[in-house]
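For reference, each letter of the sequence shown is one residue, going 1 to 350 in full-length UniProt numbering.
Every residue, glycine too, gets a C-beta built ideally from N, C-alpha and C.
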Amino acid sequence: MPVSDCELTQMFEHVLKLSKVDATQSVAVLKSHYSDPRTVRAAMDAAQRLGAKVYAVELPSFNHPMAMGNDMTAYCGDTALTGNIAAQRALEAADLVVDTMMLLHSPEQEQILKTGTRILLAVEPPEVLARMLPTLADKERVMAAEKLLKQARSIHVRSKAGSDFRAALGQYPAVTEYGFADEPGRWDHWPSGFLFSWPNEETAQGVLVIDVGDIVLPFKNYSREQITLEIDKGFITSIHGGFEAEYLRDYLKYFNDPEVYGISHIGWGLQPRAQWTAMGLHDKNDGMCMDARAFYGNFLFSTGPNTEVGGTRKTPCHLDIPLRHCDIYLDDQAVVAAGVVVAPQGSIAS
């Protein structure tokens, strides 16, 4: 259902309060011509209502010659901020940046965060922002799960579709997303509600099966047939199936980069207001489809870059693939059983 401008401003005021914005803070709104003007306006109005010093940084759009499609996650690394030191400094000067154009996976974003500036990404349609308006309970649920993930030294994922995947953990940190940026140097995304880490290098092994109904992003398609990925020493070594497997193979091959086959972050969804079915009700150009990444009990794995946590894979191709109906074990303790969150108690939605 449509969201009014007044409601959108009120929602931004709520999220900015959760992000510790008050009269002592400065807020920069990063935008380009493709940013939703209602989102930009609501962010600026809400920051002013809270007494913050607010300003806009507008950059020209950026299109790499290899990029395909309009999805903001379909080409990672270079952005309109690349090489624009003056604009980067303007963003570093803010306490909080509201990103309405997408800096994720860029080295410039990592540099901004290292200064202590917080970043909140907001690129979904207003109706999606409204349905998944973040709460303190969302943070508590994700942080409860983070305690287990930080302690875990292995992950094992199985499914009736045939997935049987293992990896060692501990080399890379656990990362949480709960919808607001409330600590210095924190990046978050409204809406969200999940957590993840990365496999230790060369330890991801086994098989992951994309089953009928699972989602491959940024394609924004529900799979109509099974795709089997064989994984050895951290990399996808073969992709089996019918047409959809062929399509995926050809897409990855296009980048002519062996790093695109690396297994990137792995984790699970903890947002009960995110819906597996929501993608089918939106145009493919409507935001990033955060419902798919965050829906409760999914197993979300990705491919490609790991530079945001100090890894060496800087590659432009990044897939996010949420699977349903999986069992997820951390050090042999089940946290998700057949797509239902079972532990820890604090991560279970009431």
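Leaving out five residues before and five after residue i in sequence, what residues of the same chain have Cβ atoms less than 6 Å from its Cβ?
| i | result |
| --- | --- |
| PHE255 | CYS317 |
| VAL175 | PHE196 |
| ALA278 | ASP291 |
| PRO344 | ALA144, LEU148 |
| ASP95 | GLN25, SER26 |
| ALA245 | ILE227, ILE239 |
Mind checking whether residue i and residue j have CB atoms under 8 Å apart?
| i | j | result |
| --- | --- | --- |
| CYS6 | VAL157 | no |
| GLY185 | LYS139 | no |
| VAL15 | THR100 | no |
| GLY234 | PRO199 | yes |
| ILE231 | GLY269 | no |
| TYR261 | LEU248 | no |
| VAL335 | TYR172 | no |
| LYS31 | ALA67 | no |
| SER197 | HIS240 | no |
| THR303 | ILE236 | yes |
| residue 352 | TYR296 | With the chain covering 1 to 350 only, the question about residue 352 has no answer from this structure. |
| ALA152 | LEU169 | yes |
| ILE155 | LEU330 | yes |
| VAL27 | VAL142 | no |
| THR203 | ALA167 | yes |
Using CA coordinates, which residue listed in the options is at the minimum distance from residue i?
| i | options | result |
| --- | --- | --- |
| GLN25 | THR39, TYR34, ALA46 | ALA46 |
| ILE215 | PRO125, ASP182, ALA294, GLU127 | ALA294 |
| residue 354 | ASP250, TYR178, PHE299 | As displayed, the chain neither begins before 1 nor continues past 350, which places residue 354 out of reach and without an answer. |
| residue 352 | SER4, PRO65, ALA343 | Only positions 1 to 350 of the chain appear in the structure, and residue 352 is not among them; the question remains open. |
| PRO65 | GLU58, LYS53, VAL54, ASP78 | ASP78 |
| GLU146 | MET279, TYR178, LYS284 | TYR178 |
| ALA130 | PHE194, VAL54, PRO2 | PRO2 |
| THR307 | ASN63, ILE263, GLY339 | ILE263 |
| PRO37 | ASN63, ALA245, GLY242, THR9 | THR9 |
| GLY311 | GLU201, MET44, PHE243 | GLU201 |
| SER35 | ALA338, GLY162, GLU13, ALA122 | ALA122 |
Could you name the residues of the same chain whose beta carbon sits closer than 8 Å to that of residue i, not counting the 5 residues immediately before and after it, in chain order?
| i | result |
| --- | --- |
| MET290 | GLU124, VAL128, MET132, HIS189, PRO191, SER192, ALA274 |
| GLN111 | GLN88, GLU92 |
| CYS76 | LEU104, HIS105, SER106, GLY304, PRO305, THR315, PRO316, CYS317, HIS318 |
| ASP22 | LEU50, GLY51, ALA52 |
Verify the contact flag: residue i, CB atom, against every heavy atom of the ligand GTP, threshold strictly below 7 Å.
| i | result |
| --- | --- |
| ASN298 | Looking for the ligand GTP in the displayed structure turns up nothing, as the structure carries no ligands at all. |
Can you tell me the Cβ-Cβ gap for residue i and residue j, rounded? I've got them flagged as a contact below 8 Å.
| i | j | result |
| --- | --- | --- |
| LEU18 | SER159 | Going by Cβ atoms, the distance from LEU18 to SER159 rounds to 35 Å, so no, they are not a contact pair. |
| GLY69 | PRO218 | 7 Å |
| PHE301 | LEU149 | With a Cβ gap of about 14 Å, PHE301 and LEU149 do not count as contacting. |
| PRO60 | ALA80 | 6 Å |
| THR73 | PRO126 | Not really, about 20 Å apart at Cβ, beyond 8 Å. |
| THR228 | GLY287 | Between GLY287 and THR228 the Cβ distance is about 30 Å, and since that is not below 8 Å, they are no contact. |
Considering residue i, what are the terminal residues of the beta strand (DSSP E) in which it resides?
| i | result |
| --- | --- |
| GLU230 | 227–232 |
| LYS53 | 53–58 |
| GLN205 | 205–210 |
| ALA28 | 26–31 |
| GLN333 | 333–337 |
| ILE239 | 235–241 |
Starting from the C-beta of residue i, find all residues in its chain whose C-beta is less than 7 Å away, skip the five residues before and the five after it, and write them out in chain order.
| i | result |
| --- | --- |
| GLN180 | The question names Gln, but residue 180 in the sequence shown is Phe. The residues are VAL15, LEU18, SER19, LEU120, PRO134, ASP188, TRP190. |
| residue 352 | An answer regarding residue 352 cannot be provided, because it is not within the stretch 1 to 350 covered by the chain. |
Output the boundary residues of the alpha helix (DSSP H) element that contains residue i.
| i | result |
| --- | --- |
| HIS14 | 5–18 |
| ALA167 | Not the alpha helix (DSSP H): ALA167 falls in the beta strand (DSSP E), residues 164–168. |
Could you tell me whether any Cβ in chain B is nearer than 8 Å to the Cβ of residue i?
| i | result |
| --- | --- |
| ASP257 | The chain inventory of the structure shown lacks chain B, comprising one protein chain alone. |
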